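What follows is one structure encoded as structure tokens, with my remarks underneath.
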Amino acid sequence: MRDHKIFLLLWALELTALPILALLDFGFGAGLDSNYFPRFGYLAAFLVAAYHVLSKSRGIPAHPLFLVFFIIFIVGAAKGLGQGTFNSAFISHCYYVVMPFVLCWYGWHFVADLQANAALKRRLDVLMRGAFYVGLVVVLLFNVLLIAGVASYDAIGLWNFFFSGPYLLQKALGGAYFITSFLMSALAGKRSVLAAMAIYLPLLFLMVRGGTRARLLVLAPAALVLLWFGAQDMLQGGLIRIERSIAALQAGNWDAASGMRWSEAVAALSHIATRADHWLLGTGFGAQYLPYPDLAGYEHFFRHYTHFGVISYIWIGGILAPIAVYSILLYNATLLVWRSRPGGLLREQRYFAYWLCGIIALSMFGAVLMTNSFLWFLIGCCLRLNRMADRPALYSSAEPDTSRTDGEVYGAAGK
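Basically the working numbering = 1-based index in the sequence shown + 32.
Right, dumping it as structure tokens:
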């Protein structure tokens with residue numbers, strides 16, 4: 033239980049301290065470089081997870097995703113060593129494979145302990161509620177500063193509503209929490225997070241209780257919010273970043289719409305296409321490329337990943353790597369959504385279905401699966417929930433029991 037408390041504390045810091053730092057950085061122009069700090073939380077979460085699964089001697093789950101990452105590691109490391117690209121990027125590529133393996137392993141066991149420990153459930157509940165209210169205050173203050181012309185940037189990155197919106201949907205006033213989360217994500221201005229939140233809307237229609245009429249009533253506020261976004265003069269520029277992206281897409285300027293990620297992706301694919309073995313095995317751990325070869329001042333700027341998850345996995349593992357990873361994720365997301373519908377076995381944990389679908393959407397537009405430990409932790413939780421649902425006797429036995437420690441609950445599970 034102690035390890036779980038520490039892990040949730042790190043997640044709480046991610047959802048409280050980092051949004052405040054981002055507000056100081058982008059809202060007040062404090063020059064903190066707030067994007068630099070999350071990596072320490074991700075690394076700390078990785079270390080806590082690794083300590084837990086190794087010190088508790090918790091068995092590696094018999095799941096194909098773990099085998100996929102093991103193969104990617106062996107092939108990528110062997111090719112990197114063979115071609116002599118042992119450098120800092122090599123270490124990063126190792127982390128991109130080992131981190132998901134360890135965090136999925138930890139999440140696999142965490143969610144079983146969560147089902148059996150009422151105190152752990154309460155801690156998660158407090159975390160999600162706190163994340164919602166901290167995010168609410170930060171985004172509202174940021175937009176006041178943006179409208180006043182004080183903000184140094186036109187968007188602020190935070191995960192608060194991505195996590196808290198689906199979780200609080202099952203609580204009292206859940207619809208209000210959800211719609212507010214959607215609105216605040218739009219006002220925050222981060223396009224990838226808003227795209228993931230948009231994925232939640234059809235899921236809401238599928239998983240809310242009641243008939244079609246009830247579902248439409250739940251979705252009506254979301255439709256009103258979207259109509260309200262059209263009244264640009266009411267927000268006085270509060271959605272300026274999203275408006276610029278839409279205008280860039282209409283003009284066919286993919287780089288402006290994607291924040292230069294389009295050129296980055298084209299450059300990475302061009303490098304991969306130079307050799308057939310790059311497509312088959314990846315470029316090898318440690319390989320780098322010029323993301324903006326035609327941009328003045330970036331002639332010697334190298335990168336070892338892309339912001340598009342599929343291309344990043346081709347880079348480190350070849351064409352079969354993203355096919356394997358995303359096939360497993362999409363299969364589990366589909367299964368989880370089906371089991372989270374009204375009357376389904378996992379209906380009380382349906383927020384995990386929202387999270388998994390949102391994570392998949394996010395990874396298409398950002399390098400989140402390469403860095404964010406908490407996302408892979410949640411993926412591991414989702415994999416385990418599906419496995420538990422495959423074995424109803426195991427799932428039904430997971431009743432709250434605070435008399436047992438986390439080491440005693442499901443001690444043989446996952447082996």
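Think of the CB as a built atom: it goes at the ideal place given N, C-alpha and C, for glycine as much as any other residue.
Source: prediction; values computed, not measured.
Inset, instruction - Let me know if LYS203 comes out buried or exposed under the rule of 16 or more other beta-carbons within 10 Å of its beta-carbon. - result: exposed
Inset, instruction - Run the CB neighbour count on ASN67, radius 10 Å, all protein chains shown included, and call it buried at 16 or more, exposed below. - result: exposed
Inset, instruction - Name the one or two DSSP bridge partners that TYR321 has. - result: ARG335
Inset, instruction - Go ahead and pull the three-state DSSP assignment for GLN115. - result: helix
Inset, instruction - Evaluate contact between the region 362-369 and the region 339-349, counting only Cβ atoms and requiring at least three cross-stretch pairs below 8 Å. - result: no
Legend entry - Beta-carbon contacts of LEU361 that lie in its chain and below 6 Å, excluding the five residues immediately before and after: ILE392
Legend entry - Enclosing alpha helix (DSSP H) for PHE133 [first to last residue]: 120-148
Inset, instruction - Would you mind working out which of PRO323, HIS303, TYR324 sits nearest GLY316, comparing C-alpha positions? - result: HIS303
Inset, instruction - Provide the residue span of the alpha helix (DSSP H) that contains MET229, from first to last. - result: 223-239
Inset, instruction - Confirm, please, whether the CB-CB distance from MET239 to LEU200 is below 8 Å. - result: no
Legend entry - Cα-Cα separation between ARG245 and PHE237, rounded to whole angstroms: Note that ARG245 has pLDDT 48, beneath the 50 cutoff, so the model's placement of it is unreliable and the number below is only indicative. Taking the straight line from one Cα to the other gives about 10 Å.
Inset, instruction - Using three-state DSSP, classify GLY108 as helix, strand or coil. - result: helix
Legend entry - Rounded Cβ spacing between GLY112 and PHE101 (contact assumed at less than 8 Å): Wrong, their Cβ atoms sit about 16 Å apart, outside the cutoff.
Legend entry - Reference PRO323, options GLY349, TRP294, TRP311, closest by Cα: TRP294
Inset, instruction - List the endpoints of the continuous alpha helix (DSSP H) containing LYS37. - result: 34-54
Inset, instruction - Determine the contact status of TYR386 and LEU235, defining contact as a CB-CB distance below 8 Å. - result: yes
Legend entry - Neighbour-count burial assignment, ARG154, 16 or more Cβ in a 10 Å radius: exposed
Inset, instruction - Along the alpha helix (DSSP H) that carries GLY398, what are the first and last residues, could you check? - result: Neither: GLY398 is in no alpha helix (DSSP H) and is coded neither H nor E.
Inset, instruction - Just mark GLY329 as buried or exposed, buried being the case when its beta carbon has 16 or more other beta carbons within 10 Å. - result: exposed
Inset, instruction - Drop a sphere of 10 angstroms on the beta-carbon of ILE106, count the other beta-carbons inside from all chains shown, and report buried for 16 or more, exposed for fewer. - result: exposed
Legend entry - Among LEU178, GLY181, GLY167, nearest to MET216 - alpha-carbon criterion: GLY167
Inset, instruction - Using alpha carbons as the reference points, say which of ASP326, ARG416, TRP311, LEU312 lies closest to ALA299. - result: ASP326
Legend entry - Where LYS153 sits in the DSSP three-state scheme: helix
Inset, instruction - Could you say if the region 372-390 and the region 37-45 meet the contact criterion of at least three C-beta pairs nearer than 8 Å? - result: no
Inset, instruction - With a cut-off of 8 Å on the beta carbons, I'd call PHE78 and LEU135 a contact; round off their distance for me. - result: 7 Å
Legend entry - Pairwise C-alpha distance: CYS413 and HIS95: 13 Å
Legend entry - Own chain partners of LEU177 with C-beta closer than 6 Å, once the 5 adjacent residues on each side are dropped: GLY59, ALA183
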